[in-house]
Amino acid sequence: MQPNNSSAYLIIRQGHRWTDVFRLEPGHALVIGRASSNEIPVADELCSRRHAEIFFEAGEWKVRDLGSRNGTFLDGNKLEQAKSLAPGNQITVGSCRLTFASSLDEVIPPLEFEESPTQSTSNTQSEIPSITHRQSKSSILDPESLKLDSKTRRKPLPGPAAYPPIPVIATELLQLAFEVAREQSVASACELALNRLMIATECQSGGVLKLEPSGKELNKSSGSQLTVLAALQRQSKAYHPVSDTLVASVRRDNTAILARNISADGQLVGGHQVGGHHVGGKPDASSMSSQASHVMSTNSLIVAPMRIGEQMLGLIHLYSRHDEPDLTPEHLEITLAVADVLAVSIDNLMRQQSLEQKLKTSRTRISELEHQLGKAAEWIGPSAALKQVREQAQRVGPTNATVLIRGESGAGKELVARAIHDMSQRVNGPFVAINCAALTPTLLESELFGHEKGAFTGATDRKLGKFEQASGGTIMLDELGEMSSEIQAKFLRVLEGKAFERVGGSKPIQVDVRVIAATNRDLEQAVRDGEFRSDLYFRLRVIELIVPPLRQRPDDIMPLAEYFLNQFVSRSGYGPTGFSERAKYAMQKYQWPGNVRELRNCVERAFVLANGPLAEPEDLALSHLQLPGQATTTFVQPFAGPYQEITIEELEQQHIKATLEYTQGQKNRAASILGIERSTLDRKLKKFQGS
-3 MQPNNSSAYL IIRQGHRWTD VFRLEPGHAL VIGRASSNEI PVADELCSRR
47 HAEIFFEAGE WKVRDLGSRN GTFLDGNKLE QAKSLAPGNQ ITVGSCRLTF
97 ASSLDEVIPP LEFEESPTQS TSNTQSEIPS ITHRQSKSSI LDPESLKLDS
147 KTRRKPLPGP AAYPPIPVIA TELLQLAFEV AREQSVASAC ELALNRLMIA
197 TECQSGGVLK LEPSGKELNK SSGSQLTVLA ALQRQSKAYH PVSDTLVASV
247 RRDNTAILAR NISADGQLVG GHQVGGHHVG GKPDASSMSS QASHVMSTNS
297 LIVAPMRIGE QMLGLIHLYS RHDEPDLTPE HLEITLAVAD VLAVSIDNLM
347 RQQSLEQKLK TSRTRISELE HQLGKAAEWI GPSAALKQVR EQAQRVGPTN
397 ATVLIRGESG AGKELVARAI HDMSQRVNGP FVAINCAALT PTLLESELFG
447 HEKGAFTGAT DRKLGKFEQA SGGTIMLDEL GEMSSEIQAK FLRVLEGKAF
497 ERVGGSKPIQ VDVRVIAATN RDLEQAVRDG EFRSDLYFRL RVIELIVPPL
547 RQRPDDIMPL AEYFLNQFVS RSGYGPTGFS ERAKYAMQKY QWPGNVRELR
597 NCVERAFVLA NGPLAEPEDL ALSHLQLPGQ ATTTFVQPFA GPYQEITIEE
647 LEQQHIKATL EYTQGQKNRA ASILGIERST LDRKLKKFQG S
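Structure (structure tokens):
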């Protein structure tokens, strides 16, 4: 015996097959056992998690048992202590046999089965369970394979058996690809492809399985990584998915497998039923009987990976029984081709389903946001003035007429414009709004009509303008009266249906857009002053809607305030539930110079500042600002009624008291209304008390 003073080898035999070769290096021990972390994992229930160890010591390779449940055997003898290894020694761990060799030249693999006295050599050779073919891709899908022979005009598949020429098979694959592409679900596509494949191969049993990215060991018996997408069994028997051993082999080598004479090898056959008793886990008694019957009856099988690039999506599994024709290399070719076609279809369907789910989620989210933002143009308020505007919008909406909406800032002009759009035939088109007063003339022109790359400094790319973005829908131009005369001229051309050019461009652009203009400016006075084109004014004023200010529709104040408060509370889950009587009185008497926008801001301020269940006037913090052009409603009219003989001092005292009553005792606000300092008001009140 040569001393073990250098590298050696372990040749692994699992069941009836040689499976792997391990090189032994001095100083590096190898643990054999069921745990996947071992150097040599063995998937066998008879094997302990850490079963045995091969190690180098004192110039020799040795083996010892690690306290296993079923023991470790060396040349058939159970190990009681560590033993030295010699070339040719066989170590047995469960169903796994390991042959020790000092050189690969010494290894002469024996026959897979020993010949029995009643068997001939040829019979023994024919029944050896083995993987006979491994193939990475089908020659059917190779462009070179589609070239016909110049004489026969045919090119059969490789192999001795007669089979249809490749162009015929390629045509059938093309037809299958079209049919699979029309399927709407992964399951139906898999079932269609599997049915066509089983007809082509005359196979009676098969399945399409999806490989789930679970990160679990592939050689575990749970089968949890495989999901059956489609399964067919012509003889009304339960389909048995492929074994985990073969799945691991296909995934490791990224090749398809044809195996024959496998009835004696349960690791090749598999046996987790689908449509029968179990899929993974421990089988019951009846399923164990069914599995045993399946193992004994299966004779050949094909496992072909379905791949997208380097990613393995799943596999196609076909198997034949003893009473059925064997699967052949030609069948392996066609199965590989179908697997490639089906993989593309599955990948596309899965992407489509993912996009549809994302789109559905996005639509749901958009719908929620639109509801929160009030895009549905909710008309809040029972006033007659608001009802009149709503009726006018309903009549105007279905038409394509240009609309001019006039009203004070914050009165709700954009709400009316959105309502007109939603009632029109353009409801499925875009609604684009732009504030003309928020941009300089140069930027406004670029925003409205777009610009070409390099049109001005900073124009690094072509940009579509708002008119192009709104094509097929509605564009709202807010604060239209702030347009410069140059842009007014270009805008007038668009209103008249003529083409326009982007800034820096020369290509005419035609759009189909409905225009809704809005302004709080006196356009008639602007026309008289020469600040607004008269022809544009008359072109815009086809339909004119007037949105009344909030102070002219007091019946809408409290419904709007309660609506806004409910919005804030529902989003946060806390806050005041209503308004006190004092707050209601203050809101009803207030002039609301900022209209609905100011009302919403005041309600939000009260929602944030209120300490109790009801918002108070102090939480609203109403403004004392009086905007130009808005009428002042005097709360106290000292001269109402018949004339009274009173002094100016007495009149002042009455007016100050009335103002304090109006402000509900708020001296700062009263002083602001009276136009005096707070200290001056305090001195006057002190003087009144002393008099």
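Sequential numbering from -3 applies to the sequence shown in my numbering.
Every residue, glycine too, gets a C-beta built ideally from N, C-alpha and C.
For L172 against V334, the beta-carbon gap comes to about 7 Å, under 8 Å, which counts as contact. Leaving aside the five residues that flank T88 on each side, the residues in its chain whose CB is nearer than 6 Å to its CB run, in chain order, F69.
The beta carbon of Q388 sits closer than 6 Å to those of L541, all from its chain and outside the five residues before and after it, given in chain order. Between G446 and R498 a beta carbon distance of about 4 Å is seen, short of the 8 Å cut, so the two are scored as contacting. Within the same chain, G29, R30 and A31 come within 7 Å of R45 by CB-CB distance, once the 5 residues on both sides are set aside. Of the candidates H651, G55, L42 and L205, G55 places its Cα closest to the Cα of L20.
Its chain contains D615 as the residues whose beta carbon lies nearer than 7 Å to that of L605, once the 5 sequence neighbours on both sides are disregarded; these appear in chain order. An exposed status is given to V17, since fewer than 16 other beta-carbon atoms sit within 10 Å of its beta-carbon. Annotation for F487: the continuous alpha helix (DSSP H) segment containing it runs S481 to L491. Taking the Cβ atoms as the reference, L536 lies roughly 5 Å from A513, within the contact range of under 8 Å.
Judged by beta-carbon spacing, S341 lies within the 7 Å limit of A185, meaning their Cβ atoms are closer than that value. For C432, no alpha helix (DSSP H) encloses it, and the DSSP letter there is neither H nor E.
Burial is judged here by how many other beta carbons sit within 10 angstroms of a residue's own beta carbon; P237 has at least 16 and is buried.
For I28, the enclosing beta strand (DSSP E) has its first and last residue at L26 to G29. Counting the other CB atoms within 10 Å of its CB gives A234 a total of 16 or more, which places it among the buried residues. A residue is called buried when at least 16 other Cβ atoms come within 10 angstroms of its Cβ; N591 meets this threshold and is buried. Between D457 and the set F463, L311 and K449, the nearest pair of CA atoms involves K449.
Between the segment 376 to 383 and the segment 563 to 572 there are fewer than three inter-stretch CB-CB distances shorter than 8 Å, so the stretches are not counted as touching. For L26, the closest C-alpha among the options I7, K74 and F51 is that of F51. Annotated three-state conformation of P37 is strand, per DSSP.
Taking C-beta separations shorter than 7 Å and ignoring five residues to either side along the sequence, the partners of N85 in its chain run L70, D71 and F96, following chain order.
The segment 409 to 419 makes no contact with the segment 480 to 487, as fewer than three CB pairs between them are under 8 Å. Taking all protein chains shown into account, Q587 has 16 or more neighbouring C-beta atoms within 10 Å of its C-beta and is therefore buried. P301 carries a strand assignment under DSSP once its states are collapsed to helix, strand and coil. Taken through DSSP and simplified to helix, strand or coil, K682 comes out as helix. Of the other Cβ atoms in all chains shown, fewer than 16 fall within 10 Å of the Cβ of P609; this residue is therefore exposed.
Going by beta carbons, V543 and K409 fall inside the 7 Å limit. DSSP places E208 in no beta strand (DSSP E); its state is neither H nor E. Per DSSP, the continuous alpha helix (DSSP H) segment holding R578 begins and ends at E577 to K585. Separation of A244 and I312 (C-alpha to C-alpha, rounded to the nearest whole angstrom) is 14 Å.
When secondary structure is reduced to three states using DSSP, R93 falls in the strand class.
Taking 7 Å as the cut-off, the Cβ atoms of Y533 and L556 do not count as close.
Just measuring C-alpha positions, the residue of R517, D40 and E492 sitting nearest N66 is D40.
Secondary structure at M346: helix, using DSSP grouped into helix, strand and coil. Contact annotation: the segment 488 to 503 does not touch the segment 520 to 527, with fewer than three C-beta pairs closer than 8 Å. Sixteen is the threshold: when 16 or more other Cβ atoms of the shown chains lie within 10 Å of the Cβ of T515, as they do, the residue is buried.
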